[in-house]
């Protein structure tokens with residue numbers, strides 16, 4: 009395991025690439041990107057996209073924006089409305105009642121109260137639970153929920169004859185750029201999402217033995233490439249279009265009136281600003297699992313962006329990441345186990361099974377495991 013010399017991107021992260029000088033592809037492309045694209049140019053590019061996929065007189069909406077009960081949803085919905093004078097149709101694939109948080113529900117209501125039209129899709133709770141449990145035992149409990157989430161937007165777009173689809177993150181916001189990208193639009197193009205690690209070409213073979221009624225798979229069915237072409241769908245990641253000067257987490261949180269944030273402290277959640285995935289709490293478990301697999305969690309994701317924007321030094325970020333990455337309070341584990349109907353010792357056996365033994369030394373204490381890093385943040389694995 010090694011780290012980028014500029015940020016805290018680890019080589020163990022899926023898709024991570026480093027050049028001969030030890031700089032990750034995201035930092036390298038970000039530097040190139042920032043030289044070419046100031047905020048004025050980014051807005052110009054976005055306006056070109058709007059013009060290319062301009063709504064017809066018979067259409068009510070300029071675009072679709074995927075939303076949840078989080079901060080990104082609120083800021084981007086307001087940004088499209090106020091900065092570009094656009095009318096987005098907001099689409100939310102919501103969690104079942106057992107999983108959705110009051111904070112998330114309130115934030116979604118806040119969007120409706122601000123005048124946005126919102127369509128909420130809700131896959132069957134029992135099917136959802138089966139897929140979530142299967143995913144957890146296989147090492148990724150969000151596999152089923154994320155497929156439903158990503159499928160909902162193009163499905164609604166086809167239904168309402170809307171061609172332009174926006175996701176908040178993507179491109180270079182949290183994922184690696186391809187170093188070969190020359191056309192700026194390529195960094196924002198999300199039509200290859202079907203080939204991502206999550207969707208895995210949208211195959212649902214793994215669900216065959218879980219349900220008998222195949223109609224239950226409709227919410228999990230991602231439109232085919234031919235359907236995308238026929239309906240002229242285009243997915244765009246909005247993350248890199250956001251005004252760089254305004255993109256600080258404190259500025260975002262203070263500017264979004266009516267937005268509720270996560271109240272629990274970072275030592276319990278690993279979420280430094282309490283701003284991510286506010287509509288459910290088990291994402292904290294998912295971030296712990298990600299940390300135990302790859303050596304990076306939510307704190308790394310936050311601070312890598314801030315390092316690249318010059319908001320924090322790498323040295324200071326190392327201290328914060330070392331303190332908070334992978335944190336997950338026992339109360340979240342308890343509620344997760346109760347939902348799935350499993351005992352905590354089974355939970356920890358699954359966690360142990362999927363942790364990265366090269367990165368962590370595991371010690372069993374009573375019915376759980378304690379994981380000690382075999383690496384030092386910002387430096388890498390010990391010899």
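In our numbering, the protein residues as written are 9 to 391.
Glycine included, C-beta positions come from ideal geometry on N, C-alpha and C.
Can you find the residues in the same chain that come closer than 6 Å, C-beta to C-beta, to residue 380, ignoring five residues on each side of it along the sequence?
369
Whole-angstrom C-beta distance between residue 388 and residue 11, which should lie under 8 Å:
6 Å
I'd like the list of long-range same chain contacts for residue 130, defined as Cβ closer than 8 Å, with 5 residues on each side in sequence excluded.
101, 102, 104
Scan the segment 99-142 and note each continuous alpha helix (DSSP H) run of 4 residues or more that stays entirely inside, going in chain order.
110-121
Range of the contiguous alpha helix (DSSP H) that encloses residue 31
Neither: residue 31 is in no alpha helix (DSSP H) and is coded neither H nor E.
Rounded to the nearest angstrom, what separates residue 343 and residue 150 at their Cα positions?
16 Å
Where are the beta strand (DSSP E) runs, 3 residues long or more, that stay fully inside the segment 217-305, in chain order?
242-245
Contact under 8 Å by Cβ, residue 140 with residue 77
no
Among 98, 266, 272, 148, the one whose alpha carbon lies nearest that of residue 128
98
Taking all protein chains shown into account, do 16 or more other C-beta atoms lie within 10 angstroms of the C-beta of residue 267, making it buried, or fewer, making it exposed?
buried
Closest to residue 332 by CA distance: which of 216, 106, 296, 37 is it?
296
Leaving out five residues before and five after residue 364 in sequence, what residues of the same chain have Cβ atoms less than 6 Å from its Cβ?
301
DSSP three-state label for residue 11, please.
strand
Boundaries (first-last residue) of the beta strand (DSSP E) holding residue 355:
It is not in any beta strand (DSSP E) - residue 355 instead sits in the alpha helix (DSSP H) that spans 352-362.
What do you get for residue 288, buried or exposed, if any count of 16 or more other CB atoms within 10 angstroms of its CB means buried?
buried
Would DSSP call residue 85 helix, strand or coil?
helix
Between residue 329 and the rest of its own chain, which residues show a CB-CB distance below 7 Å, the 5 nearest in sequence each way excluded?
16, 307, 308, 311, 385
Check whether the segment 45-54 touches the segment 235-249, counting contact only when three or more Cβ pairs, one atom from each stretch, lie closer than 8 Å.
yes
If you measure from the CB of residue 29, is any heavy atom of the ligand ADP nearer than 7 Å?
No copy of the ligand ADP occurs in the structure displayed, which carries no ligand at all.
Check this for me: beta carbons of residue 22 and residue 9, under 8 Å apart or not?
no
Nearest candidate by alpha-carbon position, reference residue 313, set 36, 142, 96, 366
36
Since I believe residue 74 is in contact with residue 175 (beta carbons under 8 Å), could you give me their beta-carbon distance rounded to a whole number of angstroms?
5 Å
Check the C-beta distance from residue 243 over to residue 173 and give it rounded, since I have them as a contact under 8 Å.
5 Å
Can you list, in chain order, the residues of its chain whose CB lies under 8 Å from that of residue 114, leaving out five sequence neighbours each side?
77, 268
Is the beta carbon of residue 171 less than 8 Å from the beta carbon of residue 218?
no
When the Cα atoms are used, what is the spatial distance from residue 239 to residue 353?
49 Å
Ignore the nearest five residues each way along the sequence and tell me which others in residue 293's own chain have a CB closer than 7 Å to its CB.
336, 340, 341, 344
How many whole angstroms separate the CB atoms of residue 359 and residue 377, which I take to be in contact at a CB cut-off of 8 Å?
7 Å
Residue 28 versus 38, 13, 20, 316, residue with shortest Cα-Cα distance:
13
Buried or exposed for residue 56, going by 16 or more other Cβ atoms inside 10 Å?
exposed
Along the beta strand (DSSP E) that carries residue 378, what are the first and last residues, could you check?
376-381
Note down, in chain order, each residue of its chain lying with its Cβ closer than 8 Å to the Cβ of residue 133, except the 5 sequence neighbours on either side.
104, 105, 106
Quick check on residue 389: does DSSP put it in helix, strand or coil?
strand
Quick check: what's the CA-CA separation for residue 24 versus residue 233?
27 Å
8 Å Cβ cutoff, residue 167 in contact with chain D
Annotation note: the requested chain D is absent from the structure, which comprises a single protein chain.
8 Å Cβ cutoff met for residue 286 and residue 270
yes
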